[in-house]
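Engineer: Input: one structure, supplied below.
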Amino acid sequence: MTKHRSRRQRKKLHVGEFQEFGFAFKTQLKEGAREELFVDALLEEVIEPKGLEFGGWAHGGFITKSERGSVSAQERAALIDWTDRRFNRMRPSIAPRKRHQAG
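Next up, the structure:
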């Protein structure tokens, strides 16, 4: 049975039309690559300029919006383009959008 919640409750609980989506990704850095440099570049060149947040490390993580809302297809594509340009076609494994559990 589905609970009937007011708009205010749905917004507070991030359900219904207020669900927020992000995506998971995994990378496999080339041997000898410095993880710190990868993470610093990712944060400075993709995550922060697009108003995103990143939880994880060099081998993968989860990306969401800093503010309310969902990560767009364009923002997801920006990560793919960035890895193509910056790391010689090292394609990360990027999962489909997934519901972000606010916590």
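Under my numbering, the first residue of the sequence shown carries the number 25, and numbering increases by one thereafter. Each residue gets a CB set at the ideal place from its N, CA and C atoms; glycine is no exception. Computed from a prediction, not measured in an experiment: that's the story for all the values here.
Entirely within the region 52 to 117 and at least 3 residues each: give me those beta strand (DSSP E) ranges in chain order.
Structural biologist: Listed in chain order, the complete beta strand (DSSP E) runs (minimum 3 residues) inside the region 52 to 117 are 76 to 81 and 84 to 89.
Engineer: Starting from Lys35 and walking both ways along the alpha helix (DSSP H), at which residues does that stretch end?
Structural biologist: Per DSSP, Lys35 belongs to the alpha helix (DSSP H) from Arg31 to Leu37.
Engineer: Taking the beta strand (DSSP E) that Gly46 falls in, what are its first and last residues?
Structural biologist: It spans Phe45 to Lys50 - the beta strand (DSSP E) in which Gly46 sits, taken as one unbroken run.
Engineer: What separation, rounded to the nearest whole angstrom, lies between the Cα atoms of Lys74 and Ala102?
Structural biologist: Each residue's alpha carbon lies about 9 Å from the other.
Engineer: State yes or no: is the C-beta of Arg110 within less than 8 Å of the C-beta of Ala65?
Structural biologist: Yes, the Cβ-Cβ distance between Arg110 and Ala65 is below 8 Å.
Engineer: For Val95 and Ile87, which I take to be in contact (beta-carbon distance under 8 Å), what is that distance rounded to the nearest angstrom?
Structural biologist: Yes, Val95 and Ile87 are in contact; Cβ-Cβ is about 6 Å, under 8 Å.
Engineer: Using the C-alpha atoms, what's the distance from Gly85 back to Gln43?
Structural biologist: Roughly 20 Å between the two C-alpha positions.
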